[in-house]
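J.:
Protein chains in written order, with the numbering used here: chain P, 13 to 580; chain X, 13 to 580.
1. Please classify residue 168/P: does DSSP put it in a helix, a strand, or coil?
2. Please confirm whether residue 294/P and residue 242/P have their CB atoms less than 7 Å apart.
3. Around the Cβ of residue 329/X, are there at least 16 other Cβ atoms within 10 angstroms (buried) or fewer (exposed)?
4. Mapping the DSSP letters down to three states, classify residue 430/P as helix, strand or coil.
5. Does any residue of chain X have a CB that is nearer than 7 Å to the CB of residue 566/P?
6. The beta strand (DSSP E) that contains residue 486/P, what's its start and end?
7. Quick check on residue 273/X - is its C-beta less than 7 Å from some C-beta in chain P?
8. Once DSSP output is grouped into helix, strand and coil, what is the label at residue 253/P?
9. Should the stretch 143-156 of chain X be regarded as contacting the stretch 122-130 of chain X, the criterion being three or more beta carbon pairs within less than 8 Å?
10. Using only the alpha-carbon positions, how far apart do residue 344/P and residue 206/P sit?
11. Could you check the C-alpha separation between residue 166/X and residue 532/P for me, to the nearest Å?
12. Quick one: what does DSSP say residue 24/X is sitting in, helix, strand or coil?
13. In this structure, does DSSP put residue 568/X in helix, strand or coil?
14. Counting beta carbon pairs with one atom in the stretch 426-438 of chain X and one in the stretch 473-493 of chain X, are three or more of them shorter than 8 Å?
15. Am I right that residue 264/X and residue 236/X are in contact with their C-beta atoms under 8 Å? What's the rounded C-beta distance?
16. In angstroms with no decimal places, state the Cα-to-Cα distance between residue 38/X and residue 427/X.
17. Buried or exposed for residue 288/X, going by 16 or more other Cβ atoms inside 10 Å?
18. Going residue by residue through the stretch 189-245 of chain X, where are the continuous beta strand (DSSP E) segments of at least 3 residues, counting only ones entirely within it?
19. Taking Cβ-Cβ distances shorter than 7 Å, what residues in chain P pair up with residue 261/X?
20. With 7 Å set as the bound, which would you pick, yes or no: does the beta-carbon of residue 511/P sit closer than that to a beta-carbon of chain X?
21. Compute the beta-carbon to beta-carbon distance between residue 521/P and residue 475/P, rounded to the nearest angstrom, for a pair I have assumed lies under 8 Å.
22. Please confirm if residue 147/P has its CB atom under 7 Å from at least one CB of chain X.
23. Do you know offhand how far residue 198/X's Cα is from residue 223/X's?
24. Going by alpha carbons, who is nearest to residue 529/P out of 468/P, 275/P, 78/P and 233/P?
25. I'd like the list of long-range same chain contacts for residue 517/X, defined as Cβ closer than 8 Å, with 5 residues on each side in sequence excluded.
26. Could you tell me which residues DSSP puts in a beta bridge with residue 313/X?
27. Would the stretch 541-560 of chain X and the stretch 167-174 of chain X be scored as touching if the rule is three or more Cβ pairs under 8 Å?
28. Looking at the structure shown, is residue 129/P part of a helix, part of a strand, or coil, going by DSSP?
29. For residue 296/P, which residues from the same chain have a beta carbon less than 7 Å from its beta carbon, with the 5 sequence-adjacent residues on both sides left out?
30. Against chain P, does residue 21/X count as a neighbour if the rule is that its beta carbon must be under 7 Å from one of theirs?
31. Please report the straight-line C-alpha distance between residue 393/P and residue 315/P, rounded to a whole angstrom.
32. I need the boundaries of the alpha helix (DSSP H) containing residue 380/X, first residue and last residue.
33. Under 7 Å Cβ to Cβ from residue 47/X, same chain only, skipping five residues before and after it: list those, please.
34. Using the three-state DSSP reduction, which class does residue 66/P fall into: helix, strand or coil?
35. Within its chain, find whatever has a CB closer than 7 Å to the CB of residue 25/P; leave out the 5 residues flanking it on each side and keep chain order.
36. What residue range does the alpha helix (DSSP H) around residue 513/P cover?
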């Protein structure tokens, strides 16, 4: 892979906002390659039968092949928007409208690669500040125009696409110009951050003053503050920093006629939580313009250590024991046997993980008699004062040992830390070779995690059989809580002619397995359109009705991203 | 004081649910007395001019003096309720109806002592289980009857009283018979707890199996699981266990036609949080019947240590430094100079606090030259493994020292821990002697706490001047968070003829001071009726409108405790 740059490049330089490739993840010119990972191609060939050494196209797809439906925006609406933001910040061009049509789920990528563009936003508008957002919102309500707020475009549950039957003008409201850290209250670590700021840009602004948000979702390089809040995101260091719902203290949300402003106080007893209604609202309650977020001083010390466990069962038991203990690591993560094998296969010959395979592994096999096929790789992170890091590592080491695990040093964790945001590039590469791959994630109490995992494996394998493919599923635990944890699954197969339908079969099987084992439909990806079929099974029909009532009362004109979350 | 019993006594034995005194706090036969606290009466005489050595009546007030409005319930509604719960669980008696008319704010106590009973519930119903609650709810909706859920009756913001203009039948739905810990998932520490269980009863059930909820609000002895959730309660060990919003993982809420059920998962991304809409809803979204709560293994070790700081400024600085550090105590609390003086004055001659006064204080004054009038007493709690407790105490000691404080041992903390739930009895005793006293609490970022405190003092003193009384205000910090903390104020004065109006002047001055300094209207008492005037200033007019829309859509018939929180 060409080194991934920390700052996304601008593909639409005229309005100064960077976007991802229209057909896939990340920035133009960066792609996954496997030449330096000798084990990878044979591994993929073995598990899903896909031949990676043939048929690659590195340079992306041909935009000119697309048939983009014309914009339906009336001159009146366009003129009004131009009046508000200036002509250079209203874009009716095909490229920009296509970039704003989908997120980056496999369903989105299958469709865009197939040239399916059912309903494309009629224009994209780039406001400069909250006052302009207010004018746009008021215009939309007055003119019966649909508004879909757009952050980094990394959504993978269908939250960004216009409803196919929408006959009104649809405006994609790109928040990319609102990207500043406005202020830091250094006593409480409260940073006022504009909603459109993308991960690397915001961290750079915070780091420069000695602070970090500590929020690092897999989408970090191409997702935004507002998007994290709107979808209830969670980052890999959530064990220390919390989910975005914990990090979000204050909010400003533009609503028709005014701003819904929630003070950044540490905790409040002021009725049902408006903060927690906005979080996860996916644009349906208005446009988030500003978040007052809990930030932390950059830690004195930061380390991610790797461990091996003889089985998934032992790895889970260790994570549970850590969550119950007084130890507070910043990251807890353990891969199941499949994902462990995958990690070993994708490592470069020269890297830390290969070092585990070459150095630690033979020792383990010899000394402990472990079965390499069920062994599990774990990463545990530590942050804080050197004393705290040392105490926590000591406490964790004791728990790891009690659960039959062993430490394998700093090398693999360091590498994991550097490369953790690169995985989505792999998916595009895999698609180039006829593969389909995506993720499903959930959370459940500790008592249910083993059942969730087994049921998901059984369901996925049954689905692979049903569509007649050789499929692969793997998973890991991450984001530990006192009561349970998140399980995160990746599945892959070589798709046939009906890629989207085949994907649906697998995705549905896995999501239903979550619900049937008492887990949630999503731990941190949101609902959008893709997770709607399970929402009532998760939060009950009465719950969906109350949520629908909230949307209907807050947005009687159905202006704000209608159809998402609840479907109506 | 007669020893406070851990289990409230039943005052209405026929339906098996214990209630507090109709005229004041706690159980019959228990009251505050000051004979063993030689410094107390002179202190009170000095600060508010109230003479405690005269005019006491210990035995309560005379119920027969009250004029209780007759029940307006139709025979039809009564018969239907009797059908559902049985005749012994529908009470139309005056005593029971009066007990269910108010909570226990000073405004409530002033009114009940004056015999003011504007609108009394027409009857009280005691369902046995969720199925009966469902039938009651469906009946209420069908018959246009108002339902006010009632837990322990400890509310102090006016959430329990019927609206004075309500012309429909008003039913107080007493949840006291649903008081069981139904189940504990011992892996995740998830306990299914019925909403009507009171603090001591629930802790006893949990303790018997080795668990604790860790939720100890001041109202603990007479408040319930459902009440804590409905008002966004917080307990004194929230630094470790979290606020009730953190503790609450799953919920069951009876709504017209069915149960809104939220799965107990550690975290979920399923749209706006229904869990966080129910929390704080004060009965307006339905009837909470069951909470799945995060419980914890009883800690191996538990200690509360006392510290002294030379000033409020230093005490706050120390608490902030602890919150920012890697140390995780279970309690952080520091009293300001006034409250410190009050603590010293209320201590028994033989207790730990007196020991501080007698032993540590002269030493401090001599060695450090502190000013006893501005010195501040602090309690910090520690829970967990002996190793964790030792590490945390060591880390805290370092911070205390860096902020000019000094440790004064275990004695005072032990006493504080034993007596922490007794304070409300003192208020009744004070009222017996012509005094009025109540509390106002808030939360704000660390950067604003000093300004909140000064402004509250100035506002309260100005209010005392306005009504022409000698008043007293004191406060403490408790419930620390990374971004800020709760400040909790107690105010007292000798009231005149217009006690309620005088109270209003002081209360309004303090609440407005919160708002004007960027703090919230309440950290953990809720909104009810008393905090409504500041809600829009706190969460914005747009926020109140969204909340009102939620209530209106969820309860178009205005059956569920109408008028509370938002006023409409």
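In this text, a Cβ means the ideal position worked out from N, Cα and C, and glycines have one as well. Keep in mind the model is a prediction, meaning the values are calculated, not measured.
T.: On the basis of the coordinates in this document:
1. coil
2. yes
3. buried
4. helix
5. yes
6. 483-492
7. yes
8. helix
9. no
10. 30 Å
11. 35 Å
12. Because residue 24/X sits at a pLDDT of 45, beneath the cut-off of 50, its placement in the model cannot be relied upon, and the following sentence gives the value as read from the coordinates. Looking at residue 24/X - three-state DSSP - the assignment turns out to be coil, as it is neither helix nor strand.
13. coil
14. no
15. Not a contact, Cβ separation roughly 15 Å.
16. 20 Å
17. buried
18. 193-197 and 202-206
19. 495
20. no
21. 4 Å
22. no
23. 9 Å
24. 468/P
25. 475, 478 and 479
26. 396/X
27. yes
28. coil
29. 563, 567, 572, 573, 576 and 577
30. In this prediction, residue 21/X has a pLDDT of 36, which is less than 50 and means its spatial position is unreliable; nothing more can be read from the coordinates.
31. 6 Å
32. 373-380
33. none
34. coil
35. At residue 25/P, the pLDDT of 49 sits below 50, so the modelled position is not reliable; the number obtained from the coordinates is stated separately. If we look at residue 25/P and ignore the five residues flanking it on each side, it has no Cβ neighbours.
36. 511-528
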